[in-house]
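Each residue of the sequence shown is one higher than the one before, counting from 694 in the working numbering. We put the CB at the ideal spot given by N, CA and C, even for glycine. Worksheet: one structure, shown below.
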Amino acid sequence: DTLVADIVADAAFEAQARHCSLLIQQSTPLQVQAEADLLGSAIENVVRNAVNYTRADSTIRIRLDRSEREARLRVADAGPGVDESDLARIFEPYYRTDDARARKSGGSGLGLAIAKRAIERQGGRICAGNVSGGGLEIEIHLPLA
Numbered sequence: 694d695t696l697v698a699d700i701v702a703d704a705a706f707e708a709q710a711r712h713c714s715l716l717i718q719q720s721t722p723l724q725v726q727a728e729a730d731l732l733g734s735a736i737e738n739v740v741r742n743a744v745n746y747t748r749a750d751s752t753i754r755i756r757l758d759r760s761e762r763e764a765r766l767r768v769a770d771a772g773p774g775v776d777e778s779d780l781a782r783i784f785e786p787y788y789r790t791d792d793a794r795a796r797k798s799g800g801s802g803l804g805l806a807i808a809k810r811a812i813e814r815q816g817g818r819i820c821a822g823n824v825s826g827g828g829l830e831i832e833i834h835l836p837l838a
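Written out as structure tokens, the structure is:
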């Protein structure tokens, strides 16, 4: 949870420049079984992806919670979302949706692929889905310490 707060603080300047905000919601402190550098890289890539695609004057919601055996981090942006046909591919290296290429938002298409690899190397999983009303939510699941 401290790691997430530090990453969000680092991304806040870029978010502010894009006229959006970041909000962390957490019910309880969490400790996971993970290498800090790998986990930090994964979370940073997911948060920066959200900042890059969210609409101005909106909020990116970052929620941390837990089940009996795992911690869950959800990052929901207020961007255009992703076509259902593209959802399965957004974690592939160099893959960018047609909308991402048309917007010329920058990026290499590697951020989410790096995040997926880092999370899976630590026994976790990552998935994505569209948010009702627009936007994309990425979930990271990791074993609790």
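Can you tell me which of 709, 737 and 726 puts its alpha carbon nearest to the alpha carbon of residue 807?
Counted from its first residue, the sequence shown places residue 807 at position 114. The shortest Cα separation from residue 807 among 709, 737 and 726 belongs to 737.
Helix or strand or just coil, what does DSSP make of residue 783?
The residue you call residue 783 lines up with position 90 of the sequence shown. Residue 783: coil per DSSP, three-state reduction.
Range covered by the beta strand (DSSP E) that runs through residue 832
Position 139 of the sequence shown, counted from the first residue, corresponds to residue 832. Here the beta strand (DSSP E) through residue 832 covers 829-836.
Measure the beta-carbon distance from residue 728 to residue 768 and round it to whole angstroms, keeping in mind my assumption that it falls under 8 Å.
In the sequence shown, the residue the question calls residue 728 occupies position 35. In the sequence shown, the residue the question calls residue 768 occupies position 75. Actually they do not touch by this definition, with Cβ atoms about 20 Å apart.
DSSP three-state assignment for residue 737, whether helix, strand or coil
Translated into the one-based positions of the sequence shown, residue 737 becomes position 44. Looking at residue 737 - three-state DSSP - the assignment turns out to be helix.
If I measure Cβ to Cβ from residue 818 and keep anything under 7 Å in the same chain, skipping five residues before and after, which residues do I get?
Within the sequence shown, numbered from 1, the residue matching residue 818 stands at position 125. Taken in chain order, the residues that qualify are 812 and 834.
Less than 8 Å between the C-beta atoms of residue 774 and residue 823, yes or no?
Residue mapping note: residue 774 aligns to position 81 of the sequence shown, counting from 1. Residue mapping note: residue 823 aligns to position 130 of the sequence shown, counting from 1. The answer is yes: Cβ separation under 8 Å.
Quick one: Cα of residue 748 to Cα of residue 739, how far?
Here residue 748 corresponds to residue number 55 of the sequence shown, with the count starting at 1. Here residue 739 corresponds to residue number 46 of the sequence shown, with the count starting at 1. Whole-angstrom Cα-Cα distance: 16 Å.
Grab the span of the alpha helix (DSSP H) containing residue 699 for me, first residue to last.
As a first step, residue 699 must be located in the sequence shown, where it is residue number 6. Here the alpha helix (DSSP H) through residue 699 covers 695-710.
Going by CA-CA distance only, name the one from 779, 722, 776 and 801 that's closest to residue 786.
Within the sequence shown, residue 786 is the residue found at index 93, counting from 1. The option with the nearest alpha carbon to residue 786 is 801.
Excluding five sequence neighbours on each side, which residues of the same chain lie with their C-beta closer than 6 Å to the C-beta of residue 820?
As a position in the sequence shown, residue 820 is number 127, starting the count at 1. Excluding positions up to five away in sequence, the list reads 832.
Three-way DSSP call (helix, strand, coil) for residue 763 in this model
Reading the sequence shown from its first residue, position 70 is the one you call residue 763. Correct three-state label for residue 763: strand.
Starting from residue 804, trace the alpha helix (DSSP H) in both directions and tell me its first and last residue.
The count along the sequence shown starts at 1 and reaches residue 804 at position 111. Start and end: 804-814.
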